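Residue numbers (the numbering used here), protein chains in the order written: chain A, 1 to 603; chain B, 1 to 498.
For glycine and all other residues, C-beta sits at the position ideal for the given N, C-alpha and C.
These numbers were taken from a predicted model, which means no experiment stands behind them.
Read the structure below first, then the notes.
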Amino acid sequence: MIQRPCLSPRLVLLALAAVIVPVLPAAQAAPTQAQVPVEVFTLDNGMKFLLVQKPEATTVSAGWVAHVGSSNERPGITGLTHLFEHMMFKGSHTLGTKDITRDLQIIEEQEKLQEKIRRIYDEQRARWRRGEIDDPFAAANRTAPEAELQKQFQALVDEQRSLMIKDEFDKVYTEAGGSSMNAFTNQDMTVYFITVPANKLELWFWMESDRLYNLVLREFYSERDVVTEERRLRTESTPTGKYDELFEALVWQSHPYGWPVIGWPSDLKVISKEQAEEYYRVHYAPNNVTAALVGNFDPKLVKELAAKYFGRASRGAVDPPSVVTMEIPQLAAQKLTAECDCQPETTVTYKTVGFGHKDGFALDVLAGLMNGRTGRLYKSLVLDRKIATSANVRQNSQKWAGTFSFNAETKGEATPDQLEQAWYGELKKIQEEPIPAEELQKVKNQTLGSSFRRLENPFFLLIQLLVFDGLGDWTHVNTWTARTLAVTEADVKRVAREYFAPEKRNIALYYRKAGTASEEVPPELAELPAEMQGMVKNQLKAIRQQVAAISDPAQLQQMLAGMETRKAQAPPQFQKIFPLFQKIIEERLAQLAAAAPAAGGAQ
Amino acid sequence: MKPYRALVVLALLAGAWFTASATAPIPAHPRDLKYGPLTFEVPKADKYQFKLKNGIPVYIAPDHSLPLVDITIWIRAGAFVEPLEKIGLAGMAGTMMRRGGAGPWTAEQFDERADFLAANLTSFAGATEAQVGLNALSGQLDPSLDLLFAMLTQPRFQQDRIDVEKGNMLEAMKQRNDDADSILRREWAWKMAGENHYSSRQPTQGSLEALTRQDLADFHRKFWRPEGMVISVSGDIAPKEALARLEARFAAWKPEGPKPAVPWPPAKPAHSLEPGLYHIEKDIPQAKVSIGHQGAQWDPKYENPDMFALMVMNDILGGGGFTSRITKRVRSDEGLAYSAGSQFGVGTYWPGTFRIFFQTKSASTAYAASLSLAEVKRIRNEAVSADELATAKNSFIETFPRQFESAGAIADLFAADEYIGRPHAYWLKYRDNLGKVTEKDVQRVAQRYLDPGKVVFLLVGKWEDILKGDPDRTAKITDFGTPVQLPLRDPLTLQPLK
Numbered sequence: 001m002i003q004r005p006c007l008s009p010r011l012v013l014l015a016l017a018a019v020i021v022p023v024l025p026a027a028q029a030a031p032t033q034a035q036v037p038v039e040v041f042t043l044d045n046g047m048k049f050l051l052v053q054k055p056e057a058t059t060v061s062a063g064w065v066a067h068v069g070s071s072n073e074r075p076g077i078t079g080l081t082h083l084f085e086h087m088m089f090k091g092s093h094t095l096g097t098k099d100i101t102r103d104l105q106i107i108e109e110q111e112k113l114q115e116k117i118r119r120i121y122d123e124q125r126a127r128w129r130r131g132e133i134d135d136p137f138a139a140a141n142r143t144a145p146e147a148e149l150q151k152q153f154q155a156l157v158d159e160q161r162s163l164m165i166k167d168e169f170d171k172v173y174t175e176a177g178g179s180s181m182n183a184f185t186n187q188d189m190t191v192y193f194i195t196v197p198a199n200k201l202e203l204w205f206w207m208e209s210d211r212l213y214n215l216v217l218r219e220f221y222s223e224r225d226v227v228t229e230e231r232r233l234r235t236e237s238t239p240t241g242k243y244d245e246l247f248e249a250l251v252w253q254s255h256p257y258g259w260p261v262i263g264w265p266s267d268l269k270v271i272s273k274e275q276a277e278e279y280y281r282v283h284y285a286p287n288n289v290t291a292a293l294v295g296n297f298d299p300k301l302v303k304e305l306a307a308k309y310f311g312r313a314s315r316g317a318v319d320p321p322s323v324v325t326m327e328i329p330q331l332a333a334q335k336l337t338a339e340c341d342c343q344p345e346t347t348v349t350y351k352t353v354g355f356g357h358k359d360g361f362a363l364d365v366l367a368g369l370m371n372g373r374t375g376r377l378y379k380s381l382v383l384d385r386k387i388a389t390s391a392n393v394r395q396n397s398q399k400w401a402g403t404f405s406f407n408a409e410t411k412g413e414a415t416p417d418q419l420e421q422a423w424y425g426e427l428k429k430i431q432e433e434p435i436p437a438e439e440l441q442k443v444k445n446q447t448l449g450s451s452f453r454r455l456e457n458p459f460f461l462l463i464q465l466l467v468f469d470g471l472g473d474w475t476h477v478n479t480w481t482a483r484t485l486a487v488t489e490a491d492v493k494r495v496a497r498e499y500f501a502p503e504k505r506n507i508a509l510y511y512r513k514a515g516t517a518s519e520e521v522p523p524e525l526a527e528l529p530a531e532m533q534g535m536v537k538n539q540l541k542a543i544r545q546q547v548a549a550i551s552d553p554a555q556l557q558q559m560l561a562g563m564e565t566r567k568a569q570a571p572p573q574f575q576k577i578f579p580l581f582q583k584i585i586e587e588r589l590a591q592l593a594a595a596a597p598a599a600g601g602a603q
Numbered sequence: 001m002k003p004y005r006a007l008v009v010l011a012l013l014a015g016a017w018f019t020a021s022a023t024a025p026i027p028a029h030p031r032d033l034k035y036g037p038l039t040f041e042v043p044k045a046d047k048y049q050f051k052l053k054n055g056i057p058v059y060i061a062p063d064h065s066l067p068l069v070d071i072t073i074w075i076r077a078g079a080f081v082e083p084l085e086k087i088g089l090a091g092m093a094g095t096m097m098r099r100g101g102a103g104p105w106t107a108e109q110f111d112e113r114a115d116f117l118a119a120n121l122t123s124f125a126g127a128t129e130a131q132v133g134l135n136a137l138s139g140q141l142d143p144s145l146d147l148l149f150a151m152l153t154q155p156r157f158q159q160d161r162i163d164v165e166k167g168n169m170l171e172a173m174k175q176r177n178d179d180a181d182s183i184l185r186r187e188w189a190w191k192m193a194g195e196n197h198y199s200s201r202q203p204t205q206g207s208l209e210a211l212t213r214q215d216l217a218d219f220h221r222k223f224w225r226p227e228g229m230v231i232s233v234s235g236d237i238a239p240k241e242a243l244a245r246l247e248a249r250f251a252a253w254k255p256e257g258p259k260p261a262v263p264w265p266p267a268k269p270a271h272s273l274e275p276g277l278y279h280i281e282k283d284i285p286q287a288k289v290s291i292g293h294q295g296a297q298w299d300p301k302y303e304n305p306d307m308f309a310l311m312v313m314n315d316i317l318g319g320g321g322f323t324s325r326i327t328k329r330v331r332s333d334e335g336l337a338y339s340a341g342s343q344f345g346v347g348t349y350w351p352g353t354f355r356i357f358f359q360t361k362s363a364s365t366a367y368a369a370s371l372s373l374a375e376v377k378r379i380r381n382e383a384v385s386a387d388e389l390a391t392a393k394n395s396f397i398e399t400f401p402r403q404f405e406s407a408g409a410i411a412d413l414f415a416a417d418e419y420i421g422r423p424h425a426y427w428l429k430y431r432d433n434l435g436k437v438t439e440k441d442v443q444r445v446a447q448r449y450l451d452p453g454k455v456v457f458l459l460v461g462k463w464e465d466i467l468k469g470d471p472d473r474t475a476k477i478t479d480f481g482t483p484v485q486l487p488l489r490d491p492l493t494l495q496p497l498k
């Protein structure tokens, strides 16, 4: 599973989590600011634990974050962090095989074959550069030596499968009542989580320490294929996935956030098990991992089990390197224009601040003023001007850097360009006009609600702790509210002026690809002058609305007949238009006819 | 007061055994771990059940740990009561109750007030039910409840907001063919229930534009009434307080007109399945696939042992993630798909649907389908292993307490039972009924309820590449029948294109 840093709608809400109690209208006993009581301890090897007790629960939701994301990769191994996440479910020296000795031998033999295949791919890429083949990896371009190696490899896979206890890791948890088991990878972190029945707490320690310190990279290459399918699913087969990926690469010039978490397809083809092992040694050392448990447990017991199970590993030989490349300041606005099978839409993205920056809170409040059913964007673009079906912004503070993005989808005849201009107008109002005190208050009131709502679900609380720790500081869960509360009108205006200069814009305009729209220009209209086309289109629309309200077939028949008469009298260039009008009426007639017998229960 | 907490008896609180285990050596395999018992007593519905003077059942589960109150009102105003010439009426009325102003407040005032109170208010209508809901800060409960009851009893259906909503729905319709998954979902629903049943039929531009403000107001007056309602309340409120507030507001509500004739249970689809291989063209690198047929339906008492055996059967076949056979073969062994598995639907009002699903690169479509259908045949022809059976049953039984994991979950679960007519005994006997399922039961229900020879095989993707197949495999897509190409539908009229 891959997750972009946006996580979930509920986490986005968190971004607004200011708490102001006395501002609510009616007199009431003021609820105090929500605080999560977290107990923290760290093992000698550097692994940190965060505990939150929920004595009323029957379960423990538990997980851990490895402080490694796709921004720790480099060209050539993009996608490795996420592929590694998949590998963590494939077993260990203990789980997943009936014969570990032979299993390890097979893996070694497989690796030798794959190394030879990678050398062949070096040659295949050279042939591709010379224009001799169209795709270095396609089955159709396979050389005889590669085919032979693939055959030998498949034989080893078959032998290995006969020794395997398939997906035993999953099975052990499942039969013990584990649920919601999954993981996600983003640019900054890899997070693993599960909920277990409270009496099976020790199983969690057994299983997680086993895969942290006893892992075997089994079925590495078939899992690489699964990830390639995941890429097809999320990026290549969705309406906007490919263009979103292109846009990310445009936004980030020097910073590694520019490449996709799932990786470039050519890298996925050649990533090696050895590269994965090196990654594991450096980034999965206990000093780079934080665990969290939320649920029904005895903290004393947790500490003992933590030392017993996770204390087995020693600190990594080298500390994981920091991401040192900083985004270079953007010098000029950039624009991506794409055509897709999609609703026309507009995104404008600015680079702002990373996690924990003092301006992040004011940017969150700015987003709060813009968003929601009573936010400025919905009121202006959706309700008043009716040029958008949705419009919102988002401040996304990632670990090393952050962005602020506006996004809206068009309505009716509106264009992506209009939405872009509308956003600049709303931004200007914030920059130049006073912000009513009551409006600011509303944002803070709403965050009072969400500051409690985000604590309702223990599993969601677990994810928040892990994500904030992954970003750099779990205490954010308890400090965010107060710091957002402190934001003033002046703060909002200052950040609105500082981060949104015209040369800092990255603009993506998506247009519906011709031929996919229902409102595409019918060929009959193509011959008309452009100004006439619009007129006819409006007439078509009006007739459609008129006809939709008529349920009497006789009336529709009468309209059809009328059309014939008018057609006969129309100038020649309009003759072809009338069948379009007639078609609308005929469709309505067909619809009424279809509805009639079905009402009697026939299919 | 937190009644549901008292029901959890955790043996681990004794602690003695665990302290010992923390010093004992680490077992070589997790099967050697020893656990204390987790005794979980199913909450009794009657402890949460109350009744208003007008007869409406209310389920209340207090929990004072956070200053929040949740209220949901269930009502029989779903699409099943709307007339066929007014497709989408129930759904539009359900949506516009929240969005079109209510009582003394215009839509603008209502929205501002709700946001200022930090009250989350929702209204919605699906196929067989409609709901209004409130999540409010307990300190703001009364003004928030006033908003809830205003939209429940006196929605304004403001014309300008109806126009905005219709416009947005029209834009959403335009996107009907953009995403292959949404094409597959729509066509699958039609293949299973037909195009005219209220559970699967879709609005068109014509049907949408024909709906008027008067239609919405009439529909609300006729169907949004106290008769047939069920209410759930949870969170920071005592039952007495909750009941007093509800009684006062219902006393002030005088619905107009006669009690409507609501058909209950809702009518089944009148559709007979046409097995075959169906394809819809879309230029994407993957094929999106659904294969299946009709599922099963609960008996009125919810005790037919076949249904429990079916749950276990499907878990082993393709419903249990990596411990299930289709997922193992298609994803884990062969790396053909990111998600692959099966669902077996046991319906409340009509039979659900059995469906195998996966998405794979076009060339692998036939091979992945052959692997999946081979598993259907295998689970019919051979008994499952004792190990697979135990894993599936344990998983259901061990995760069972999570159904009741919060006050909100308990109140909503019992309210849902009341609404659909599921007896409380279902939960009391749930673990026993699952525990009784044997290898023989699994094979028996697989033979009785699965028929790999009579499936609807529906795929969306690039036919040319799907037909070519994988040069390394023998399976061909045409092995599964004579392909019938289904036309894409015009997104606004749903008439076949071309």
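Let me see if you follow: with CB-CB separation under 9 Å, is residue 197 (chain A) close to chain B or not? Flagged as an interface residue toward chain B: residue 197 (chain A), by a C-beta distance shorter than 9 Å.
Whole angstroms is fine: what's the gap from residue 347 (chain B)'s alpha carbon to residue 233 (chain B)'s? Distance from the CA atom of residue 347 (chain B) to the CA atom of residue 233 (chain B), rounded to whole angstroms, is 26 Å.
Roughly how many angstroms separate the alpha carbons of residue 224 (chain A) and residue 170 (chain A), rounded to a whole number? Those two C-alpha atoms are separated by around 19 Å.
Go to residue 279 (chain B), then tell me how far its beta strand (DSSP E) extends in each direction, as first and last residue. Its beta strand (DSSP E) spans residues 276-281.
Could you tell me which uninterrupted beta strand (DSSP E) segments, each at least 3 residues in length, are contained entirely in the segment 357-420 of chain A, listed from first to last along the chain? List check, beta strand (DSSP E) in window: 388-397 and 402-410.
Terminal residues of the continuous beta strand (DSSP E) containing residue 131 (chain B)? First-last of the beta strand (DSSP E) with residue 131 (chain B): 130-137.
For a contact meaning CB atoms closer than 7 Å, what does residue 225 (chain A) contact in chain B? Residues of chain B whose Cβ lies closer than 7 Å to the Cβ of residue 225 (chain A) are, in chain order, 335.
Contact set for residue 585 (chain A): own chain, Cβ-Cβ below 8 Å, skip 5 residues either direction: Once the five neighbours on either side are set aside, the close Cβ partners of residue 585 (chain A) are 543, 547, 556, 559, 560 and 563.
Contact between the segment 335-349 of chain A and the segment 459-475 of chain A (3+ Cβ pairs under 8 Å): At 8 Å Cβ cutoff, the stretches do not touch.
So does the segment 165-183 of chain A actually touch the segment 385-401 of chain B, counting three or more Cβ pairs closer than 8 Å? They touch, by the three-pair rule.
Please confirm if the segment 260-269 of chain A is in contact with the segment 226-238 of chain A, defined as three or more CB-CB distances below 8 Å between the two stretches. Counting Cβ pairs under 8 Å, three or more are found: they touch.
Give the residues of chain B in contact with residue 172 (chain A), contact being defined as C-beta atoms less than 8 Å apart. Residues of chain B passing the Cβ test: 30 and 31.
Proximity of residue 406 (chain B) and residue 199 (chain A) at Cβ, strictly below 9 Å: One thing to note: residue 406 (chain B) has its Cβ no nearer than 9 Å to the Cβ of residue 199 (chain A).
Per-residue contacts from residue 149 (chain B) into chain A (C-beta, under 9 Å): What residue 149 (chain B) touches in chain A: nothing, since even the nearest Cβ is about 17 Å away.
Assuming residue 379 (chain B) contacts residue 446 (chain B) (C-beta within less than 8 Å), just tell me the rounded distance between them. 5 Å between Cβ atoms; contact.
Whose CA, out of B:68, B:24 and B:73, lies closest to the CA of residue 418 (chain B)? That would be B:73, whose Cα lies nearest to the Cα of residue 418 (chain B).
Would you mind reading off the limits of the alpha helix (DSSP H) that contains residue 379 (chain B)? Note, residue 379 (chain B): alpha helix (DSSP H), 365-381.
Give me the chain B residues within the contact set of residue 239 (chain A), using Cβ-Cβ distance strictly less than 7 Å, ordered along the chain. By Cβ distance, chain B contributes 178 and 179.
Are there 16 or more other CB atoms within 10 angstroms of the CB of residue 298 (chain B), so buried, or fewer, so exposed? Buried, because 16 or more other Cβ atoms sit within 10 Å of the Cβ of residue 298 (chain B).
C-beta contact flag for residue 105 (chain A) and residue 272 (chain A) at 9 Å: No.
Given this structure, state the Cα-to-Cα distance separating residue 497 (chain A) from residue 504 (chain A), to the nearest angstrom. Each residue's CA atom was taken as its position, placing residue 497 (chain A) and residue 504 (chain A) some 12 Å apart.
Kindly say whether residue 370 (chain A), judged by its beta-carbon, lies nearer than 9 Å to any beta-carbon of chain B. For residue 370 (chain A), the nearest beta carbon of chain B is not closer than 9 Å to its own beta carbon.
For the beta strand (DSSP E) containing residue 70 (chain B), name the first residue and the last one. Residues 68-75.
Need the endpoints of the alpha helix (DSSP H) that residue 340 (chain B) sits in, please. Note, residue 340 (chain B): premise wrong, no alpha helix (DSSP H); beta strand (DSSP E) at 340-344.
Any contact between the segment 446-461 of chain A and the segment 410-424 of chain A? By contact I mean 3 or more CB pairs, one from each, below 8 Å. Segments in contact, no.
Does the beta carbon of residue 456 (chain A) come closer than 9 Å to any beta carbon on chain B? At least one chain B Cβ lies under 9 Å of residue 456 (chain A).
So, does the segment 259-269 of chain B touch the segment 427-435 of chain B, judging by three or more C-beta pairs under 8 Å? Taking one beta carbon from each stretch, the segment 259-269 of chain B and the segment 427-435 of chain B have fewer than 3 pairs nearer than 8 Å; the two do not touch.
Between residue 186 (chain A) and chain B, is the shortest Cβ-Cβ distance under 9 Å, so that the two count as touching? No, its Cβ sits nowhere closer than 9 Å to a Cβ of chain B.
Buried or exposed, going by whether 16 or more other CB atoms sit within 10 Å of the CB of residue 393 (chain B)? With 16 or more other CB atoms across the displayed protein chains lying within 10 angstroms of its CB, residue 393 (chain B) is buried.
So that I know if they touch, is there some Cβ in chain A lying closer than 9 Å to that of residue 402 (chain B)? Interface residue (Cβ-Cβ distance to chain A less than 9 Å): residue 402 (chain B) is classified as such.
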